[in-house]
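Working notes, beginning with the structure itself.
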Amino acid sequence: MKTAADILTCRISELITAGPETTIKDALRLMAKHNIGALFIEDNGKVVGVWTERDHLRNSILPEFDIETARLKDYMTTGLIAAPHTAGIYKLLDMYLGLRLRHLLIEKDGTYIGMVSSGDAVRAALVEKTEELEKLSSFVNWEYYENWRWDKK
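Numbering-wise (my numbering), the sequence shown opens with residue 1 and increments by one.
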């Protein structure tokens, strides 16, 4: 079964980060440039939060929110949840559903090595299931079953 580490090898494994003082407008530009839905906030080399598309939706309707001056530090989500690099894709899917998340940091030896989105995990699960079905199909020969003779006595 594929793991979080396997998923990371199939995509950009670099963790895209921004500083806590980055404006929301600049954060959106960075996310658009890298085609990502979450940006991790790094302060002095340590990941301290995450800012997502969902955070933007939730906060952009607040009266005091100004995209030009708002800083990530004021709108980011803290209390990060990570999955071990050895977590299987179905464990990741369980975490996304159970915790209502769309992005998970992947951790190895106490260090964050990347991020896997729920879409990445679903795609990996579909690829794995497709491969399983193709393998099973190669074992099953329908001609054998079609030529069975059922003797009724």
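Every residue gets a Cβ at the ideal spot worked out from N, C-alpha and C, and that includes glycine.
Model, not experiment: these values are computed from the prediction.
- In the three-state scheme derived from DSSP, where H, G and I count as helix and E and B as strand, Ala18 is classed as strand.
- Approximately 6 Å separates the beta-carbon atoms of Ala18 and Leu30; this is inside 8 Å, confirming the contact.
- Cβ neighbours of Phe65 within its own chain (closer than 6 Å, five residues either side excluded): Asn59.
- Counting only the Cα atoms, Asp74 lies some 49 Å from Glu134.
- Annotation for Leu105: the continuous beta strand (DSSP E) segment containing it runs 103-108.
- The C-alpha of Ile16 lies about 17 Å from the C-alpha of Ala83.
- If only complete runs of 3 or more residues are kept, the stretch 33-78 shows the beta strand (DSSP E) at 38-43, 46-52, in order along the chain.
- Met31 sits in a helix when the DSSP states are folded into three classes.
- Between the C-alpha atoms of Ser118 and Tyr90 there is a straight-line separation of about 11 Å.
- Distance between Glu53 and Leu105, taken at the CA atoms: about 16 Å.
- In this model, Thr130 and Glu14 are separated by some 28 Å (Cα to Cα).
- Counting of Cβ neighbours within 10 angstroms places His56 among the buried residues, the total reaching 16 or more.
- Contact annotation: Thr78 and Ala5 have beta-carbon atoms that are not nearer than 9 Å.
- Annotation for Ala82: the continuous beta strand (DSSP E) segment containing it runs 82-84.
- In this structure, Ile61 keeps its C-beta atom at 9 Å or more from the C-beta atom of Thr23.
- As computed with DSSP, Thr130 is found in no beta bridge at all.
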